[in-house]
Amino acid sequence: MRRENIWTIVMLVGLAALIGRATLTSTGMGREYVRAVPVANGQWTEYQPATYGQYLRAVNGNPAQTEYLFSWSRTIGLWAAAFFTLAVFSFLFGDNPIYKVAEAVLVGVSAAYWIVVAFWDVIVPNLIGKISPATIQNWAMPGLTGPDAARDLWYLIPLILGIMLLWRLAPKGTWISRWPLAFVIGSFAGLQMIAFLHGDFLAQLRNTVLPVIVMNQGTFDPSTSFKNLLIVAGVLCGVVYFFFSFEHTGIVGKMAQGGIWFLMITFGAAFGYTVMGRIALLAIRLEFLLDDWLWLIDPTNKRV
Amino acid sequence: MRDFLIHQWWLLAAVIGSLVPLILQFARRGFTGTLLELDRRWIFLLMLWSVLVPIYYVGVTGRTFPEVPSALSRAVFDEIERLKPGDPVLLSFDYDPTAEGELGPMATAFVRHAVEKKLRMYFMALWPVGAQMIDNTIDKVIRADFPDLVYGRDYVNLGYKSGNEGVIKVILTNLRALYTTDTKGTALQDIPMMRGIENIQQMKLVINVGAGYPGTKEWVQYAVIPYPDKIRLVAGNTGVQATQIYPYVPLQVPGLLGAIKGAAEYEKLVIDKYGGPNPDPKYLDGLRRMGPQLFAHLLVIGLIVVANVLYFLNRRRERHT
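Quick note, the sequences are listed as chains A and B, same order.
Taking this note's numbering as reference, the numbering of the first sequence is continuous, increasing by one, and the terminal residue is 1565.
Taking this note's numbering as reference, the numbering of the second sequence is continuous, increasing by one, and the terminal residue is 323.
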């Protein structure tokens, strides 16, 4: 039998099992519920996430209740999340159109989300809200009152710089966009230089100037002494390894060799942490599939 | 374990069934021959089972693996323990859903701990989706289990502001230069707990849950270093990020939770003190996720050992030929 046929059969069996589990079993799977909470004296309703367990308890208490409801939109979202999770996993088997679709959707949604968030969280309150507070009060943020709503015309400068930056899109005069870009790069470089000088260079000097013989309440503390000695030796050897003005022979060579060992151990520890992080990512996606979607496990008693 | 295997026989059958072709391959080509030409997808499958089976086991039985808190996790716990009721703390959630698996349990434990200590919580985010992470944690902990806490009196969500480290630099001296309203659009002067708060130097502790840039490193560089006597910072980081923060321990960062392991250790400390005899399982996410970590790490260690043995065997064979 051809490999494609085997995979088609596996996919169809999996799909049939999913449909069977969702429709034929007593528990079902992949459904989302919400709690309808009236807000502002019932002027509108806020739908808060609820669990299947809360829904069951409410229905058992009063079959005609309308507080806990099945949510079509959240259920579709859940199935979409499950589909995209599997679509991304499918890349492990090989590049395929389903993975491409998932990738494109992720990029598109992320870009759109960033634009919307930047508009409502920054441009509206921090730019228009400062230049023309009354406009923002009437249009978008009635809560913007008091001293925080005072007009501040200094914000015209970032507005002008922002417009100049967008000039890049115009067919002529793209040089105009270089001026705000120069301002951004210059100010960022200045900020970063001070931060790295203080935060990394000077602070790390301070952190590594340690006593190698530590006395604790008048007695020698061997563990802290050894730890400090290791840190000091690691820093010195690591620095010597990157010191190329002398040939790495003799004592310099031995220290450089030690530096390689320290570096390799550091990379190993970093790799170990990375493995842990990646496994955690895989674990939460599988937990999502087994718990929220397939309802095979219920570690947080959501459906009890 | 025996009951689990009997009742969940189908899972065992699926694991063994999926590995039958690999076992046959070993039988046909031998150990070395199979491993030298092993399709990487077999490794993916082994990793899938080593993570999925423990998740399923922990999910069905509710058992978690024992965890012993390290000195760094205890330092984080102690930093929050020493605060008094009513002290203001800033919680900056600088991560997005991709790091939820590692950082979600930390965020939950931090908020639970702060609530139990009756601290005033000021939430903010340097990542756009951080605001949603804050909402999720508030829903999960405060609205679900501590409905007596009042928004604006006990906790406030200032939300996201763009500008990365620039935001930290500004709010260090003038919070209102960037934050005029909270996420609901309420003016800051109308929020009771914002009265008298001019900048974040007034916070007794800054708690950062960070997944990268901007995150803990920026909080250290732009907040702790310029104001070492006024800003105290504890952090929870992803595994990838944690190794970059260790050099700042303990002078700039007195306590650090590294990856899901740090989350599990801190969770245990919080639950042991405040969880009661039957803690809600939603506060045990980190401890639960340590099960898959154990088996996946065993697999990775095994693969590294096998790969190295094969490498040396191959090298010796090439020398002989």
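Glycine residues also receive a C-beta, built at the ideal position from the N, C-alpha and C atoms.
From a predicted model like this one, the values you see are computed outputs, not experimental measurements.
So what's residue i in DSSP terms, helix, strand or just coil?
i	result
B:Ser52	helix
B:Tyr181	coil
B:Phe28	helix
A:Glu1307	strand
A:Ala1363	helix
A:Pro1299	strand
A:Ile1421	helix
A:Ala1348	helix
B:Met205	coil
B:Asn176	coil
A:Thr1480	strand
B:Ala189	strand
B:Gly212	strand
A:Gly1289	coil
B:Gly277	coil
A:Phe1354	coil
A:Asn1562	coil
A:Phe1549	helix
A:Phe1505	coil
B:Asn166	coil
B:Phe46	helix
A:Phe1380	helix
B:Leu296	helix
A:Gly1447	helix
A:Leu1330	strand
A:Leu1452	helix
Note down, in chain order, each residue of its chain lying with its Cβ closer than 7 Å to the Cβ of residue i, except the 5 sequence neighbours on either side.
i	result
B:Gly214	Gln243
A:Trp1440	Met1425
B:Glu69	Ala266, Glu267, Lys270, Leu289 and Met292
B:Gly277	Tyr285
B:Val226	Ile233, Leu235 and Gln254
A:Tyr1360	Ala1348, Val1349, Ser1351 and Phe1352
B:Ser20	Leu47
A:Asp1553	Leu1339
Tell me, to the nearest whole angstrom, how far the beta carbon of residue i is from that of residue j; I am working on the premise that it is less than 8 Å.
i	j	result
B:Ala261	B:Gly241	4 Å
B:Leu151	B:Val113	At roughly 10 Å, the Cβ-Cβ gap does not stay under 8 Å, so B:Leu151 and B:Val113 are not in contact.
B:Lys142	B:Lys284	7 Å
A:Leu1497	A:Met1476	The pair is not a contact, with the Cβ atoms about 23 Å apart (cut-off 8 Å).
B:Ala189	A:Gly1404	5 Å
A:Leu1330	A:Val1295	6 Å
B:Leu93	B:Gly257	At roughly 14 Å, the Cβ-Cβ gap does not stay under 8 Å, so B:Leu93 and B:Gly257 are not in contact.
A:Val1501	A:Gly1520	6 Å
A:Leu1491	A:Ala1343	Incorrect: roughly 48 Å between the Cβ atoms, too far for contact.
B:Thr218	B:Ile247	5 Å
Short of 8 Å in beta carbon distance, which residues of its chain neighbour residue i, apart from the five on each side in sequence? Order them along the chain.
i	result
B:Leu85	Val91, Lys119, Leu121, Lys206 and Leu207
B:Leu180	Lys163, Gly165, Val169, Val172 and Ile173
B:Leu286	Thr66, Glu269 and Ile273
B:Gly88	Lys120, Leu121 and Arg122
B:Leu315	Thr34
A:Gly1314	Asn1562, Lys1563, Arg1564 and Val1565
A:Arg1412	Lys1391, Ile1392, Ser1393 and Pro1394
A:Asp1559	Asp1552 and Val1565
Below 9 Å between beta carbons: does that hold for residue i and residue j?
i	j	result
B:Leu235	B:Gln254	yes
B:Asp137	B:Gly212	no
B:Tyr224	B:Leu174	yes
B:Ala237	B:Ile202	no
B:Gly161	B:Pro194	no
A:Ala1410	B:Thr245	no
A:Leu1367	A:Leu1388	no
B:Val308	B:Leu105	no
A:Ala1544	B:Gly64	no
B:Pro99	B:Val131	yes
A:Gly1338	A:Glu1265	no
A:Phe1523	A:Ala1494	yes
B:Ile140	B:Tyr157	yes
B:Val62	B:Phe6	yes
A:Thr1284	A:Arg1564	no
B:Tyr59	A:Leu1557	no
B:Asp147	B:Asp282	yes
B:Trp44	B:Val17	no
Ignore the nearest five residues each way along the sequence and tell me which others in residue i's own chain have a CB closer than 6 Å to its CB.
i	result
B:Val53	Pro294 and Ala298
B:Leu305	none
Problem - Length at least 3, wholly inside the region 78-151 of chain B: the beta strand (DSSP E) runs in chain order - result: Listed in chain order, the complete beta strand (DSSP E) runs (minimum 3 residues) inside the region 78-151 of chain B are 90-96 and 122-127.
Problem - Secondary structure, alpha helix (DSSP H): runs of 4+ residues fully inside the region 220-262 of chain B - result: Those alpha helix (DSSP H) runs which fall completely within the region 220-262 of chain B and span 4+ residues are 241-247.
Practice task
Kindly provide the ranges of any alpha helix (DSSP H) runs that are 4 or more residues long and lie completely inside the region 1391-1417 of chain A, ordered along the chain.
Solution key: If one requires a minimum length of 4 residues, the alpha helix (DSSP H) runs lying completely within the region 1391-1417 of chain A are 1394-1400, in chain order.
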